[in-house]
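Undergrad: Structure in structure tokens, see below.
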């Protein structure tokens, strides 16, 4: 078995296991980490990500419940605390390195479909 924790590190592994529910969640997190001052409604975010607003709703709600995003008045903002922002930064850094990105993809896909035989 591939040592995902050895490749990604424990903080990134725990972050993905707890917060990254899908590849769409991944896209939302990376977008806001790269654009921390962005303030968008769901339609604007959907346009930026090439998705439909209704696809984003459950992911946005989960990230707001986790206090990574702030949702108020129909607007979405990036508002993690300092520790969470640092962890999301490590996640985004891992996305930039091929080997670590492949490990992240494997982890998220396994999370989406845990009963898929290997």
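In the working numbering, the protein residues as written are 1 to 118.
Beta carbons are placed, not taken as given, at the ideal position from N, Cα and C, and that holds for glycine.
Extract the residue ranges of the beta strand (DSSP E) inside the stretch 21 to 86, only unbroken runs of 3 or more that lie entirely within it.
TA: Entirely contained in the stretch 21 to 86, the beta strand (DSSP E) runs reaching 3 residues are, in chain order, 69 to 72, 75 to 78.
Undergrad: What do you get for residue 80, buried or exposed, if any count of 16 or more other CB atoms within 10 angstroms of its CB means buried?
TA: It counts as buried.
Undergrad: If contact is defined by three or more beta carbon pairs under 8 angstroms, each pair taking one atom from either stretch, is the stretch 9 to 23 in contact with the stretch 36 to 44?
TA: no
Undergrad: Using only CA atoms, which one of 68, 99, 55 lies nearest to residue 83?
TA: Its Cα nearest to that of residue 83, the residue 68 stands out among 68, 99, 55.
Undergrad: Could you check what DSSP says for residue 93 in three-state terms: helix, strand or coil?
TA: helix
Undergrad: What does the alpha-carbon distance come out to for the pair residue 74 and residue 96?
TA: 31 angstroms
Undergrad: Whether or not the stretch 14 to 21 and the stretch 51 to 68 are in contact is what I'm after, with contact meaning three or more pairs of Cβ atoms, one per stretch, closer than 8 angstroms; do they touch?
TA: yes
Undergrad: Check each candidate in 103, 110, 36, 102 and name the one with the smallest Cα separation from residue 76.
TA: Nearest Cα to residue 76 within the set 103, 110, 36, 102: 36.
Undergrad: Less than 9 angstroms between the beta carbons of residue 15 and residue 91, yes or no?
TA: yes
Undergrad: Counting only beta-carbon separations shorter than 9 angstroms, does residue 80 have a partner in chain D?
TA: Among the chains in the structure shown there is no chain D, since it carries only a single protein chain.
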